[in-house]
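S.K.:
Numbering (our numbering), first residue to last: 56 to 281.
Have a look at this one:
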C-alpha cells in the first residue's frame, strides 16, 4: 500500500497554517476541536506526527489557533484590526515566526479563483449550537485536483469577518464547528468538542521572545535542507 511521505505531511501541516480560523468580536474564549483522519497509507508512524486536537482562542478582533504535532507546535495568530497574521512554527527544533501583511492576506482570499460555496437548508447541532451546512468545491493542485469540503458553521459566534483572508473559507458566514480539509489523499476533519467563554490575555497574541522571524522562502529552504 502506498504510504504518505514525511514531506507530504510537512506540506499538509504548512497548508493548515494558512487555512485556519481568524478573528471576530462577539465571542471571547476558547473552542477545542478533535481532529480525525482518513487516507491512504496512514500508518502509525505518520499518525504520531499529525495533531489530534486544535485549540482556537478568540478575543475581540484577534484569534489564535494552536496545533500540537509530532514535529512541533504550529500556531496562527490573526489581528482583525490590521488584517495581518503571524504563523509561529516550532520546526525541527527551530522556533520560527512568519508574518503576513494585509496585502498577502488579500491575495490568499483570491487564491482559488474557481472556488464555489454551495449553501443548503440542512442543519446540525454541535456543542449546543445550531449549525448550517455548506459545501466548498475547488480545483487545485494543493488538493490533488477537484475536491469538495463539507462545513458546518454557526452564525451565533461570528460572521464572515472570522474567516477573513482564508483561501478556502472566507465566504463562510460564521464560526466553523465542523469542517474538513483534503490534500494528497489525506482527509483531516475538525469537530468542536468544547466551547468555553472566558477572558483571554493579550499575551496570547504576541510573538514569544524565543521565536525568530523568517520569510516563507527561508522556511522552504529550511524544509528542503532536511
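The C-beta atom is built at its ideal place from N, Cα and C for all residues, glycine as well. Note that the structure is predicted; figures quoted are calculated from it, not measured.
(1) What residue does the beta strand (DSSP E) around residue 115 start on, and which one ends it?
(2) Within 10 angstroms of the Cβ of residue 120, are there 16 or more other Cβ atoms? Answer buried if so, exposed if not.
(3) Excluding the 5 residues flanking residue 151 on each side, which residues of the same chain have their C-beta closer than 7 Å to its C-beta?
(4) Would you mind working out which of 195, 155 and 100 sits nearest residue 272, comparing C-alpha positions?
(5) Look up residue 235 in the DSSP assignment and give the residues it is bridged to.
(6) Near residue 86, what residues of its chain come up, given a Cβ to Cβ distance below 6 Å and the 5 sequence neighbours on each side ignored?
(7) For residue 212, collect the residues of the same chain with a Cβ closer than 6 Å to its Cβ; drop the 5 residues on either side in sequence, then sort them by chain order.
(8) If we ignore side chains and look at the alpha-carbon of each, how far apart do residue 200 and residue 102 end up?
(9) Roughly how many angstroms separate the alpha carbons of residue 94 and residue 100, rounded to a whole number?
(10) Sorted by chain position, which residues of the same chain lie with C-beta nearer than 6 Å to residue 107's C-beta, five sequence neighbours on each side aside?
(11) Run through DSSP, which three-state label would residue 104 get?
(12) Which residues share a DSSP beta bridge with residue 109?
M.R.: Working from what's here:
(1) No beta strand (DSSP E) holds residue 115; DSSP gives it neither H nor E.
(2) buried
(3) The beta carbon of residue 151 lies closer than 7 Å to those of 144, 266, 267, 269 and 274 in the same chain, with the five residues before and after it left out.
(4) 155
(5) 244
(6) 111, 247 and 250
(7) 82 and 230
(8) Distance between the alpha carbons of residue 200 and residue 102: 24 Å.
(9) 14 Å
(10) The answer, listed in chain order, is 90.
(11) Residue 104: helix per DSSP, three-state reduction.
(12) DSSP output for residue 109 lists 88 and 122 as bridge partner(s).
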